[in-house]
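Protein sequences, first through last, are from chains E and R. Numbering follows this note's numbering, in which position 212 of the first sequence is assigned residue number 244; successive positions increment by one, without gaps. Numbering follows this note's numbering, in which position 57 of the second sequence is assigned residue number 58; successive positions increment by one, without gaps.
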Amino acid sequence: MSSFAKRLIQIWNALLARPIAVAALTLTVCAAGSSTAAAQTPPGSRSGQEFRWAGDAEGGAPFVEADPARPDAVSGFDVDIAALLARGLHRAPRFVMITFTSIDQSIARGDAEIGLSGIEDTPARRAALSTTLPYYEFREVLSVRTADRARFRTLEDLRGRRVGTLAGTIAYDILLRGGRDHGTKAVAYEDDVHPYSDLVLGRVDAVLLDNVLADRRKRFVAGFTIQPDTIAVGHYVGVLSPANAPLRDACNEILRAAMRDGTLERIFRKWNVWNDDQPKLHARLLAGEQVPPVAGFDTSSSDAGTAALSPLDATRRYLPSLLRASVITIVLSCLSMALAVMLGVLIATGRVYGGRAVRLVLTGYVELMRGTPILLQLFVLYYGIAEAIRLPAFVAALVGLALNYAAYESEIYRGALEAIPSGQLEAGRTLGLSERQILTLVRGPQAFRLALAPMTNDFVALLKDSSLVSVLTVMELTKQTQIFATNLGSWVIPGTLCAALYLAMSLPLAAAAARLERRWKAGTA
Amino acid sequence: MTTPVLAVRDLRLRRGTREILRGVSFDAVRGEILAVMGSSGSGKTTILRTIAGLERHDSGDISVDGGRAGMVFQFHCLFEHLTALDNVCLAPVHAHGVARPDAVRRAHELLAAFGVDHRAHALPRELSGGEAQRVAIARALAVDPQVLLLDEPTASLDPGRRSELSALLLDLARQGRTLVVATHDEDFARACASRTLRLSEGVLQT
Chain E
33 MSSFAKRLIQ IWNALLARPI AVAALTLTVC AAGSSTAAAQ TPPGSRSGQE FRWAGDAEGG
93 APFVEADPAR PDAVSGFDVD IAALLARGLH RAPRFVMITF TSIDQSIARG DAEIGLSGIE
153 DTPARRAALS TTLPYYEFRE VLSVRTADRA RFRTLEDLRG RRVGTLAGTI AYDILLRGGR
213 DHGTKAVAYE DDVHPYSDLV LGRVDAVLLD NVLADRRKRF VAGFTIQPDT IAVGHYVGVL
273 SPANAPLRDA CNEILRAAMR DGTLERIFRK WNVWNDDQPK LHARLLAGEQ VPPVAGFDTS
333 SSDAGTAALS PLDATRRYLP SLLRASVITI VLSCLSMALA VMLGVLIATG RVYGGRAVRL
393 VLTGYVELMR GTPILLQLFV LYYGIAEAIR LPAFVAALVG LALNYAAYES EIYRGALEAI
453 PSGQLEAGRT LGLSERQILT LVRGPQAFRL ALAPMTNDFV ALLKDSSLVS VLTVMELTKQ
513 TQIFATNLGS WVIPGTLCAA LYLAMSLPLA AAAARLERRW KAGTA
Chain R
2 MTTPVLAVRD LRLRRGTREI LRGVSFDAVR GEILAVMGSS GSGKTTILRT IAGLERHDSG
62 DISVDGGRAG MVFQFHCLFE HLTALDNVCL APVHAHGVAR PDAVRRAHEL LAAFGVDHRA
122 HALPRELSGG EAQRVAIARA LAVDPQVLLL DEPTASLDPG RRSELSALLL DLARQGRTLV
182 VATHDEDFAR ACASRTLRLS EGVLQT
């Protein structure tokens, strides 16, 4: 998702759930407390230098949140842990705002030294990056509408039902597996706010996310219940680039010390996330026990295990889901374009033939649609009017794209209609043709030929803009690619496959349009 | 011969502050060819367009036998996306409810009568100026108007083609059509007009 899309989600979420607005791409955090001089210098400590750590302030409290009192600062337990690590390294922490789904790649390319933002420990992360000790243990829990509390207790109870979660998480993998085992339908969201609002609205029947996120949302949204059963157990870790293993080891030492002396407990208590699971985790770690990334869910056959696959195996494994996503993309684009063309023709006809009031209204519509971001229009259509009209995600995506593109199409058709010489229209009138017949038999067909080339351009643009609808939980090609890349820890293969699939859709289309144009030209040359 | 097929009474037309027609009156009878002459801007084309119903006049009356006059435009204005044949067939089929096979047969007859039936399947862009004009006349006649209006029909024709056109128009008049031809071509008017109306600054000169 683009940073612009991310910003919109941030603004939306701020409006929806939190009184504070999230801002600024890079925020500086002052270290809490003064650094204490250590007898020995741990690896990675460069006194006086900054300790650049990456997080996503959109994740919000208790992880990383823009401070309501000081919008230029962030707070949260991950912020306190970053400060703790920085203090141990005798460096000053510096926060770098990175979109949550890009933190792994950003760390790998060196934008920051460590990523801390409620990042899940997975086999893929362990394989692709250096991960710290798991510093927090969470439980994946099901949330259901309070009225469904008795009938939806487990994933098995949700056969054939839609279950929402964050894309690219362990919970998402569990739901994909649930789809194979129990017939549940995974619905991937870009943030952790809308799964719960959609749960209450009835768009999904359950949400599977970790208990920290579920508890947090419970404070803002009424009408849902968190089921007591644990679906799986996972952990938060810090991620560093594979080359940064010495710094990782230094961070682990600092974390162990903080587990021993109670600093970590104080941090988690401060943010109300301390519970009985944490001392057990800390005891196991301090005893030198290896803690597996996930318990209660076998990740070996899940998407989170793909990092260890060869490029060929990874391709073979993901191609079917990318092809399925391509089908969504092409079907969505074709239907949206068909609707946009129909609406565009009506708008253009109204603007050319209509009275003053009609022209004014239609001009207003066109300018509104062209002058505001399509992403905002999609949000309004799906979330904004959900209280009044609850459109299914695919329908909202289809209608949103069509309404937006209709404005552009109508301008093409208006131009094309006005380009037909008036003499031909007058000739039609003297022959006794009605204005409607002149439009459909004389003006329209010629205008359509003029409009074909720009229409083809627009269709190719729409094919690519359809990637925006992933914000409405529609799993199209770009979103599927992003999940693939997150699991694989690389964009090379997913990006190549994705580009190839888009080209495979757009090139034949351009070729068909060019052939049609040539045929018409040949007839008139 | 004495009942007028076309009657124009005290036609007045103003565009903004400019008076284009200032009380024009004339009649035309069956089989007559009227040439409307005058310098550029004198209102010749406007009279034709007003009779054809393309311009709204401020006052006066126009009565055309059969209701509607056919018109042949100076630049032909053929439908660019249709063949010559379809240009001729379009209005009979869609505006007058003629069955397509009948319309096609009639269109071929008209195109043949004007010597362009071999171009029936050509698109307007593929036709010469003379051919396009004949197709435009065939198109206008396909809906069988009693009055045919022609705007500067000789403008794009060489002298040889002009005499062919004169012969063609005289033939139409003999068949009982009434023709009103706006032209500034004196020779052409002399060759085929039964009567010449001279227009100057929106009024007919007597």
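Cβ atoms here follow ideal geometry from the backbone N, Cα and C, with glycine treated the same way.
Cβ closer than 7 Å: which chain E residues qualify as neighbours of Met72 (chain R)? Residue 72 (chain R) sits at position 71 when you count from the first residue of the second sequence. Residues of chain E with a Cβ closer than 7 Å to the Cβ of Met72 (chain R) are, in chain order, Thr462.
Residue range of the beta strand (DSSP E) that Val144 (chain R) falls in? To locate residue 144 (chain R), count along the second sequence from 1; it is residue 143. Premise fails: Val144 (chain R) is in no beta strand (DSSP E) and is neither H nor E.
Give, in chain order, every residue of the region 196–229 of chain E whose Cβ lies closer than 9 Å to some Cβ of chain R. Cβ contacts with chain R: none found.
Can you tell me which residues form a DSSP beta bridge with Thr163 (chain E)? The sequence position of residue 163 (chain E) within the first sequence is 131, counting from 1. DSSP links Thr163 (chain E) through a beta bridge to E:Val271.
Anything in the region 47–59 of chain R with a Cβ closer than 9 Å to a Cβ of chain E? List those residues in chain order, please. Flagged, chain order: Arg50, Ala53, Gly54, Leu55.
What span of residues does the alpha helix (DSSP H) with Tyr221 (chain E) cover, start to end? Locating residue 221 (chain E) in the first sequence gives position 189, counting from the first residue. First-last for Tyr221 (chain E): 217–221, but that is the beta strand (DSSP E), not the alpha helix (DSSP H).
Out of curiosity, what's the CA-to-CA distance linking Val204 (chain R) and Phe74 (chain R)? Position 203 of the second sequence, counted from the first residue, corresponds to residue 204 (chain R). Position 73 of the second sequence, counted from the first residue, corresponds to residue 74 (chain R). Cα to Cα, Val204 (chain R) sits roughly 23 Å from Phe74 (chain R).
For Val269 (chain E), count neighbouring C-beta atoms within 10 Å of its own C-beta (all shown protein chains included) and say buried if the count is 16 or more, exposed if not. Numbered from its first residue, the first sequence carries residue 269 (chain E) at position 237. When all chains shown are included, Val269 (chain E) counts as buried.
Within 9 Å, strictly: CB atoms of Gly1 (chain R) and Gly17 (chain R): The question about residue 1 (chain R) has no answer, for chain R in this structure spans 2 to 207.
Answer with yes or no whether the minimum CB distance from Ala459 (chain E) to chain R is below 9 Å. The count along the first sequence starts at 1 and reaches residue 459 (chain E) at position 427. Chain R contact via Cβ: present.
Name the chain R residues whose beta carbon is nearer than 7 Å to that of Gly455 (chain E)? Position 423 of the first sequence, counting from 1, holds the residue named residue 455 (chain E). Residues of chain R passing the Cβ test: Phe74, Phe76, Cys78.
Using only CA atoms, which one of E:Val225, E:Tyr228, E:Ala238, E:Val232 lies nearest to Ala218 (chain E)? By 1-based counting over the first sequence, the position of residue 218 (chain E) is 186. With distances taken between Cα atoms, Ala218 (chain E) lies closest to E:Ala238.
Would you say Ala336 (chain E) reaches chain R, if we count a Cβ-Cβ gap shorter than 9 Å as a contact? Within the first sequence, the letter at position 304 stands for residue 336 (chain E). Because the pLDDT of Ala336 (chain E) is 47, which lies under 50, any placement of that residue in the model is unreliable, and the question is left without a value.
Using a Cβ-Cβ distance under 9 Å, would Ala192 (chain R) count as near chain E? Position 191 of the second sequence, counted from the first residue, corresponds to residue 192 (chain R). At a cut-off of 9 Å between C-beta atoms, Ala192 (chain R) does not count as an interface residue with respect to chain E.
Which residues in the same chain as Val492 (chain E) place their Cβ atom closer than 6 Å to its Cβ, once the five residues preceding and following it in sequence are excluded? For the purposes of this step, residue 492 (chain E) is taken as the residue at position 460 of the first sequence. Cβ within range, chain order: Ser538.
Going by DSSP, name the residue or residues bridged to Gly27 (chain R). Reading the second sequence from its first residue, position 26 is the one you call residue 27 (chain R). Looking at the sequence provided, one finds Phe at residue 27 (chain R) rather than Gly. According to DSSP, residue pairing for Phe27 (chain R) in a beta bridge involves R:Val9.
With DSSP as the reference, label Pro125 (chain E) as helix, strand or coil. As a working note, residue 125 (chain E) is residue 93 in the first sequence. If DSSP states are grouped into helix, strand and coil, Pro125 (chain E) belongs with the strands.
Met507 (chain E), DSSP secondary structure in three states: Locating residue 507 (chain E) in the first sequence gives position 475, where the first residue counts as 1. In this structure, Met507 (chain E) counts as coil in the three-state DSSP scheme.
Classify Lys45 (chain R): buried if its beta carbon has 16 or more other beta carbons within 10 angstroms, exposed otherwise. Indexing the second sequence from 1 puts residue 45 (chain R) at position 44. Classified as buried, Lys45 (chain R) has 16 or more neighbouring CB atoms from the shown chains inside 10 Å of its CB.
Whose CA, out of E:Pro274, E:Asp224, E:Leu174, lies closest to the CA of Pro260 (chain E)? The residue labelled residue 260 (chain E) in the question sits at position 228 within the first sequence. Residue E:Leu174 is the option with its Cα nearest to Pro260 (chain E).
Could you give the first and the last residue of the continuous alpha helix (DSSP H) run that contains Phe411 (chain E)? Within the first sequence, residue 411 (chain E) is the residue found at index 379, counting from 1. Here the alpha helix (DSSP H) through Phe411 (chain E) covers 406–411.
Under a CB-based cut-off of 9 Å, is Leu112 (chain R) close to chain E? In the second sequence, counting from the first residue as 1, residue 112 (chain R) sits at position 111. By this cut-off, Leu112 (chain R) is not an interface position.
Phe252 (chain E): buried (16+ other C-beta within 10 angstroms of its C-beta) or exposed? Here residue 252 (chain E) refers to the residue found at position 220 of the first sequence. Here Phe252 (chain E) is exposed. Its C-beta has fewer than 16 other C-beta atoms within 10 Å.
Distance between Leu423 (chain E) and Ala114 (chain E) (C-alpha atoms, nearest Å): In the first sequence, residue 114 (chain E) corresponds to position 82, counting from 1. In the first sequence, residue 423 (chain E) corresponds to position 391, counting from 1. Ala114 (chain E) and Leu423 (chain E): Cα-Cα distance of roughly 42 Å.
Contacts that Leu465 (chain E) makes with chain R (C-beta to C-beta distance below 7 Å): For this step, residue 465 (chain E) is matched to residue 433 along the first sequence. Here the neighbours are Ala92, His95, Ala96.
Span of the beta strand (DSSP E) around Gly196 (chain E): Start at 1 with the first residue of the first sequence, and residue 196 (chain E) comes out as number 164. Looking at the DSSP string, the run of the beta strand (DSSP E) that includes Gly196 (chain E) is 194–198.
To which residues of the same chain is Tyr204 (chain E) closer than 7 Å at the C-beta, ignoring the five residues directly before and after it? Position 172 of the first sequence holds residue 204 (chain E). Closer than 7 Å at Cβ, skipping near neighbours: Thr197, Leu198, Ala218, Ala220.
Can you look up Gly98 (chain R) in the DSSP assignment and give me helix, strand or coil? As a position in the second sequence, residue 98 (chain R) is number 97, starting the count at 1. Coil, per DSSP.
Spatial distance of Arg481 (chain E) from Met129 (chain E) (CA atoms): By one-based count along the first sequence, residue 481 (chain E) stands at place 449. By one-based count along the first sequence, residue 129 (chain E) stands at place 97. Using only the alpha carbons, I get a separation of about 49 Å.
Using a Cβ-Cβ cut-off of 9 Å, state whether Ala133 (chain R) counts as contacting chain E. By one-based count along the second sequence, residue 133 (chain R) stands at place 132. False, the Cβ-Cβ gap to chain E never drops below 9 Å.
Any idea what DSSP makes of Asp153 (chain E), helix, strand or coil? Position 121 of the first sequence, counted from the start, is the residue given in the question as residue 153 (chain E). Correct three-state label for Asp153 (chain E): coil.
Excluding sequence positions up to five away, which residues of its chain have a Cβ less than 7 Å from the Cβ of Thr245 (chain E)? Translated into positions along the first sequence, residue 245 (chain E) becomes position 213. Residue 245 (chain E) is actually Leu in this sequence, not Thr. Asp224, listed in sequence order.
Going by alpha carbons, who is nearest to Pro486 (chain E) out of E:Glu443, E:Ser502, E:Glu222, E:Thr510? In the first sequence, counting from the first residue as 1, residue 486 (chain E) sits at position 454. Measuring from the Cα of Pro486 (chain E), the nearest candidate turns out to be E:Glu443.
In whole angstroms, give me the CA-to-CA distance for Asp159 (chain R) and Gly71 (chain R). As a working note, residue 159 (chain R) is residue 158 in the second sequence. As a working note, residue 71 (chain R) is residue 70 in the second sequence. Distance from the CA atom of Asp159 (chain R) to the CA atom of Gly71 (chain R), rounded to whole angstroms, is 24 Å.
9 Å Cβ cutoff, Glu81 (chain R) in contact with chain E: Within the second sequence, numbered from 1, the residue matching residue 81 (chain R) stands at position 80. Contact with chain E is found for Glu81 (chain R), since one of that chain's Cβ atoms lies less than 9 Å from the residue's Cβ.
Among R:Phe27, R:Arg69, R:Val65, whose alpha-carbon lies nearest the alpha-carbon of Ala143 (chain R)? As a position in the second sequence, residue 143 (chain R) is number 142, starting the count at 1. When each option's Cα is compared against that of Ala143 (chain R), the closest is R:Arg69.
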